[in-house]
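Taking it in order: structure first as structure tokens, then the write-up.
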Amino acid sequence: MTDSTAMDPFQLLTDIATRNSRITKELPLQESSENQWRGIGFRLGKQKFIAPMVEVDEILYIQSCTRVPGVKQWVNGITNIRGRLLTIIDLGSYFGRKSSESIRSSRVLAVKYDDFYCGVVVDEVLGMQTFAQGSAKSDVEIDECYRPFIKGGFEQNKECWAIFSLFDLVQTPEFLQVAV
8 MTDSTAMDPF
18 QLLTDIATRN
28 SRITKELPLQ
38 ESSENQWRGI
48 GFRLGKQKFI
58 APMVEVDEIL
68 YIQSCTRVPG
78 VKQWVNGITN
88 IRGRLLTIID
98 LGSYFGRKSS
108 ESIRSSRVLA
118 VKYDDFYCGV
128 VVDEVLGMQT
138 FAQGSAKSDV
148 EIDECYRPFI
158 KGGFEQNKEC
168 WAIFSLFDLV
178 QTPEFLQVAV
């Protein structure tokens, strides 16, 4: 009870491939990665920032913290991340803004610079962002409090993204002086 009109499996696959190649569209050309800049997007209030990929060690959910007495109000406390103590800083509060809006969308960007390790709480992480090098801007409109940490920016889809250097932040004397 074999069907004499049945194709052999190889011929059947070849036929399917031929039909598919006629109806498929070409994929758009991918830009060379040499012409792209990547960073981790995050939001503080209404302002969108991007941190260079090399400056973000990891992204964490908000952890329960142990409060530390005698520190400034923008220090949330310390937490244990896989056996390592991580100081948690509320970045919005550090800049004199309101604390993070929603714990549900807030995240911690862990920063490791030399032997210094801390986490900064941001309102929201917007994922990895990719920008064409040609869209780079040397000057971006930004609140003055952020200006020392801004290294230019990008414009994409009519939105301005300021490049925020977490490494510059963690080296400033004001950031390092947490005691009251």
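With positions in the sequence shown counted from 1, the corresponding number in our numbering is that position plus 7.
Glycine residues also receive a C-beta, built at the ideal position from the N, C-alpha and C atoms.
Bear in mind that the values here come from a model prediction, so they are computed numbers and not experimental data.
- A Cβ-Cβ distance of about 6 Å is found for the pair Ile-69 and Val-115, placing them in contact under the 8 Å criterion.
- Residue pairing by DSSP places Asn-87 opposite Leu-92 in a beta bridge.
- Put simply, of Cys-152, Phe-161, Met-14, Tyr-124 the residue whose alpha carbon is nearest the alpha carbon of Gln-136 is Phe-161.
- Annotated three-state conformation of Asp-15 is coil, per DSSP.
- The alpha carbon of Ala-186 has as its nearest neighbour, out of Asp-175, Phe-174, Val-82, Ser-113, the alpha carbon of Val-82.
- In the DSSP assignment, the residues bridged to Val-128 are Asp-97, Val-115.
- For Pro-155, no alpha helix (DSSP H) segment is defined, and its DSSP state is neither H nor E.
- By the neighbour-count definition (other C-beta atoms within 10 Å, threshold 16), Val-61 is an exposed residue.
- According to DSSP, Thr-21 shares a beta bridge with no other residue.
- Closest in alpha carbon position to Cys-152, among Tyr-101, Gly-126, Ile-170, is Tyr-101.
- Taking a contact as a CB-CB distance under 8 Å, the pair Cys-125 and Thr-86 does not count as one, their CB atoms being some 11 Å apart.
- In the three-state DSSP reduction, Ile-110 falls in the coil class, being neither helix nor strand.
- When DSSP reads this structure, Gly-134 sits in a beta bridge with Gly-48.
- The three-state reading of DSSP puts Pro-180 in helix, counting H, G and I together.
- For the 7 Å CB-CB criterion, Leu-98 and Val-127 form a contact.
- Between the alpha carbons of Ala-169 and Thr-21 lies a distance of about 51 Å.
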